[in-house]
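Visitor:
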Amino acid sequence: MHTPERAKSLSSDSEMQSSVPFAASMILEVVPSPVRSFLQIAFHYLFTRRNEHTIVIDENCGISRNEIFHAARIYLRTKISPSTRRFKVNMTSRHKNLNIDIEPGQEVTDTFENFHLKWKLISMKPKDKGPGYGEKRCFELIFNKKFNERVLKDYLPSVLAKSKEIKKNDKVLKLYTKNGLSERKKEGGGGIWGSINLEHPATFDTLAMDPGLKKAIMNDLKRFVNRRDFYKKVGKAWKRGYFLYGPPGTGKSSLIGAMANYLQFDVYDVELTRLHSNHELRTIMLSTTNRSIIVFEDIDCSLEEMQDQTEDINQRVEMQLLGYPPSETKLTLSGLLNTIDGVWSSCGDERIIVFTANRKDRIDPALLRPGRMDMQIHMSYCSAKGFKFLASNYLDICSDHERFGEIENLIKNVEVTPAEVAEELMRSEDADVALDGVVNLLKRKQIEANKIKEEKTSAPEHQQAKRLKTVCPKKRVVRKCRENGCKMSARSCCSNLIIARNIEMDPNSVKSTVSNLAFGNVMAAAARDYQKDPELEKLHADRIAALKKEAEKRQALKNQGHGDWRAQGDN
1 MHTPERAKSL SSDSEMQSSV PFAASMILEV VPSPVRSFLQ IAFHYLFTRR NEHTIVIDEN
61 CGISRNEIFH AARIYLRTKI SPSTRRFKVN MTSRHKNLNI DIEPGQEVTD TFENFHLKWK
121 LISMKPKDKG PGYGEKRCFE LIFNKKFNER VLKDYLPSVL AKSKEIKKND KVLKLYTKNG
181 LSERKKEGGG GIWGSINLEH PATFDTLAMD PGLKKAIMND LKRFVNRRDF YKKVGKAWKR
241 GYFLYGPPGT GKSSLIGAMA NYLQFDVYDV ELTRLHSNHE LRTIMLSTTN RSIIVFEDID
301 CSLEEMQDQT EDINQRVEMQ LLGYPPSETK LTLSGLLNTI DGVWSSCGDE RIIVFTANRK
361 DRIDPALLRP GRMDMQIHMS YCSAKGFKFL ASNYLDICSD HERFGEIENL IKNVEVTPAE
421 VAEELMRSED ADVALDGVVN LLKRKQIEAN KIKEEKTSAP EHQQAKRLKT VCPKKRVVRK
481 CRENGCKMSA RSCCSNLIIA RNIEMDPNSV KSTVSNLAFG NVMAAAARDY QKDPELEKLH
541 ADRIAALKKE AEKRQALKNQ GHGDWRAQGD N
């Protein structure tokens, strides 16, 4: 309820507003013509601005995409008029129409239900504040304030709907990869992701894989995209996980390309080795679009590099100063699992996550459990059926060829990838010449396999049992014992191998070996771990016993409080 003073104030404002236009018209009648046109523009701008509302539409909502911003960019391409002074035009071989986009600073007008609106693209380039800071963009939508409700309830939803229709009619698949810092800072940078058109030729019709498996994958994909209401009903995020594993050259990347072409989904290629923290991983995952395939290639190699990667101290200090806990300043397996299957995974719809690996046995079982990887697909070596499919595709051989029988017998006994077979088939358009090349390839493979088998048979048994791998991630050597699938920690395993080598070189060096270590209990633990291998215990029973005895003696002296227990243990 208005007070008398408030009512009086409103009345005065109303009288002033009604008198200003009258006064303005009187002034315009007496001023010279050149000045009159200038004043008309000034009065129009003054009174128009008083009635305008402006909506600011940022490119991102926090760390997520602003769908209205991206929808507006697509929609406004159809609204560029001759009055627009500056805009971009491009077209690729897969586009049906010209791709037109407005430039920062330009304005585009639109009409909706008999009222006018004006769009303006704003680009801001803040000073460099560290990693991830670059060009900030937004739209300003300007309209008469009396249409505020109609803009929010009717106009903006119509922009979203029309942009989807435009994308559907001129859909071009995109392959996205994470931009480096330099790409984000440069003029026109696209933020976190850079993209190119995805023109992968693979389809399910061209994949050389088991027909039953191929059909199962296609049915699973089709069922996934048609079950939006089902996922909502059961309370699950609308996503699907696929794990593709097999030797290089077996068609894992081609299968991903076929999936993208089949579903018409964009592809995001995530390189874990380029990420430095769990926070950065979440940021790029939340910036992906719906209806997309998110690919983590060679996850077995990436996980090993994650553990051994050099720490960026400056970046970690900066993130901790910004308030991130220590666990968020590095990239961990648990962070990856929480991102793809935790609460954060629900921030998006209709997404497919694909992991690829050369070896399944190197993957942590937690990564492969149901709910994370819903379908595990083994991409195996080329089979007889796969070869016939490739021969049909590359050489148009629809019936059996005289060389097929020989090739089928050879291919059963060798390991050859579809990529290797395809390479031989491409060497000649003459079917006889191409198939001769395949036969020669398989025979070479068979000779190599027999040679390796003979070397393994002739090698001493104890040399076959032990295989050492040396890597140097941080200027140091870490040895991992591969004997019988050793499960010990790298530190314990490394200590045991060093002890074993010293004992092998000099059986009397037990005391010197023990004296070089800091604590007797460490030696006892090493001895216990070393004793877990029955074969090794049999070969070095007397030496292990001496090692254990020396460790126990040192521990006893330490427990008795002898200050010089290390020296006494050597006597």
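Residue numbers 1 to 571, in the UniProt record's numbering, belong to the letters of the sequence shown in order.
Where a beta carbon is used, it is the ideal one built from N, C-alpha and C, also for glycine.
Computed from a predicted model, the values in this text were never measured in an experiment.
#1: Could you tell me whether the segment 433–441 touches the segment 395–413, using the rule of 3 or more Cβ pairs below 8 Å?
#2: On the DSSP bridge assignment, give the partners of residue 150 in chain order.
#3: Give, in chain order, every unbroken run of the beta strand (DSSP E) that is at least 3 residues long and sits entirely within the UniProt domain "AAA+ ATPase" (238–383).
#4: Going by DSSP, name the residue or residues bridged to residue 200.
#5: Buried or exposed for residue 116, please, with buried defined as at least 16 other CB atoms from any protein chain shown within 10 angstroms of its CB.
#6: Does the beta-carbon distance from residue 68 to residue 156 come in below 9 Å?
#7: Which residue comes first and which comes last in the beta strand (DSSP E) that contains residue 178?
#8: Could you check whether the segment 368–383 touches the segment 232–248, counting it as contact only if at least three pairs of C-beta atoms, one from each stretch, sit closer than 8 Å?
#9: Determine the burial state of residue 398: buried for a count of at least 16 other Cβ atoms within 10 Å of its Cβ, exposed for fewer.
#10: Starting from residue 124, trace the beta strand (DSSP E) both ways and give me its first and last residue.
#11: Quick one, are the C-beta atoms of residue 286 and residue 336 less than 9 Å apart?
#12: Relative to the C-alpha of residue 289, which residue among 548, 419, 192 and 371 is closest?
#13: So, at 8 Å on beta carbons, what are the nonlocal neighbours of residue 145 in its own chain, with the 5 sequence-adjacent residues on each side left out?
#14: So is residue 339 buried or exposed if we call it buried at 16+ other beta carbons inside 10 Å?
#15: With distance defined between alpha-carbon atoms, name the residue in 216, 195 and 106 nearest to residue 77.
#16: As a quick exercise: from 278, 248 and 353, pick the residue whose alpha carbon is nearest that of residue 269.
#17: In whole angstroms, what separates the C-alpha of residue 124 from that of residue 56?
#18: Among 118, 63 and 347, which one has its Cα closest to the Cα of residue 83?
#19: On the CB-based measure, 16 or more other CB atoms within 10 Å of its CB, does residue 469 come out buried or exposed?
#20: How should residue 382 be labelled, buried or exposed, when 16 other C-beta atoms within 10 angstroms of its C-beta is the threshold for buried?
#21: At the level of alpha carbons, what is the spacing between residue 168 and residue 224?
#22: Between which residues of its own chain and residue 341 is the CB-CB distance below 7 Å, once the five residues before and five after are set aside?
#23: Three or more beta-carbon pairs under 8 Å between the segment 199–211 and the segment 354–367, yes or no?
#24: Can you round the beta-carbon distance between residue 160 and residue 266 to whole angstroms, since I take them to be within the 8 Å contact cut?
#25: Would you kindly check if the distance between the Cβ of residue 417 and the Cβ of residue 248 is under 9 Å?
#26: Within its chain, find whatever has a CB closer than 7 Å to the CB of residue 108; leave out the 5 residues flanking it on each side and keep chain order.
#27: Spatial neighbours of residue 445 within its chain, please: CB distance less than 6 Å, with the 5 preceding and 5 following residues excluded, ordered by chain position.
#28: Just checking my contact of residue 294 with residue 259 at CB under 8 Å: how many whole Å lie between their CB atoms?
#29: Within 10 angstroms of the Cβ of residue 250, are there 16 or more other Cβ atoms? Answer buried if so, exposed if not.
#30: Per the DSSP calculation, residue 101 is bridged to which residue(s)?
#31: What's the C-alpha gap between residue 572 and residue 409?
#32: Please report the distance separating the alpha-carbon of residue 264 from that of residue 424.
#33: Find out if the Cβ-Cβ distance for the pair residue 331, residue 392 is shorter than 9 Å.
#34: Does the Cβ-Cβ distance between residue 256 and residue 356 come in under 9 Å?
#35: Consult DSSP for residue 457 and reduce its assignment to one of helix, strand or coil.
#36: When you compare only the Cα positions, how much space is there between residue 346 and residue 236?
Guide: Result, derived from the coordinates:
#1: Cβ pair count under 8 Å is three or more, so yes.
#2: DSSP output for residue 150 lists no bridge partner at all.
#3: Every unbroken stretch of the beta strand (DSSP E) spanning 3 or more residues and falling wholly within the UniProt domain "AAA+ ATPase" (238–383) is given here in chain order: 239–245, 266–269, 292–296, 351–357 and 375–378.
#4: Partner(s): none; residue 200 has no beta bridge.
#5: That one is exposed.
#6: Residue 68 places its beta carbon less than 9 Å from that of residue 156.
#7: Per DSSP, residue 178 belongs to the beta strand (DSSP E) from 174–178.
#8: Three or more beta-carbon pairs drawn from the segment 368–383 and the segment 232–248 are found closer than 8 Å, and the two stretches are therefore classed as touching.
#9: Per the 10 Å Cβ criterion, exposed.
#10: Residues 115–124.
#11: Not closer than 9 Å, so no.
#12: Cα-wise, what sits closest to residue 289 is 192.
#13: Answer for residue 145: 51, 52 and 53, listed in chain order.
#14: In this structure residue 339 is buried. Its beta-carbon is surrounded by 16 or more other beta-carbon atoms within 10 angstroms.
#15: The shortest Cα separation from residue 77 among 216, 195 and 106 belongs to 106.
#16: Minimum Cα distance to residue 269 is reached at 353.
#17: Using only the alpha carbons, I get a separation of about 13 Å.
#18: Considering only 118, 63 and 347, the residue with the shortest C-alpha distance to residue 83 is 118.
#19: For residue 469, the pLDDT reaches just 39, beneath the cut-off of 50, and the residue's location in the model is therefore unreliable, although a value from the coordinates is still provided. Burial check for residue 469: the Cβ neighbour count within 10 Å stays below 16, so the residue is exposed.
#20: Under a 10 Å Cβ-count criterion, residue 382 is classified as buried, with 16 or more other Cβ atoms of the shown protein chains found around its own Cβ.
#21: Going by the C-alpha atoms only, they are around 20 Å apart.
#22: Excluding the 5 residues flanking it on each side, residue 341 has same chain C-beta neighbours closer than 7 Å at 371 and 372, in chain order.
#23: The segment 199–211 and the segment 354–367 do not touch, with fewer than 3 CB-CB distances between them shorter than 8 Å.
#24: About 18 Å; that fails the 8 Å criterion.
#25: Result yes, Cβ atoms of residue 248 and residue 417 sit closer than 9 Å.
#26: These residues qualify, in order along the chain: 76, 79, 80, 84, 102 and 119.
#27: Cβ-Cβ distances below 6 Å link residue 445 to 414 and 416 in the same chain, with the five nearest sequence neighbours on each side left out; the list follows chain order.
#28: Contact check for residue 294 and residue 259: beta-carbon distance about 12 Å, past the 8 Å limit, so the pair fails to qualify.
#29: By the 10 Å Cβ count, residue 250 comes out buried.
#30: 88, per the DSSP bridge assignment.
#31: In the structure as shown, the chain starts at 1 and stops at 571, and residue 572 therefore has no counterpart that could be examined.
#32: Looking at the two C-alpha atoms, the distance is approximately 31 Å.
#33: 9 Å or more divides the Cβ of residue 331 from the Cβ of residue 392.
#34: Cβ atoms of residue 256 and residue 356: closer than 9 Å.
#35: Three-state result, residue 457: helix.
#36: Looking at the two C-alpha atoms, the distance is approximately 8 Å.
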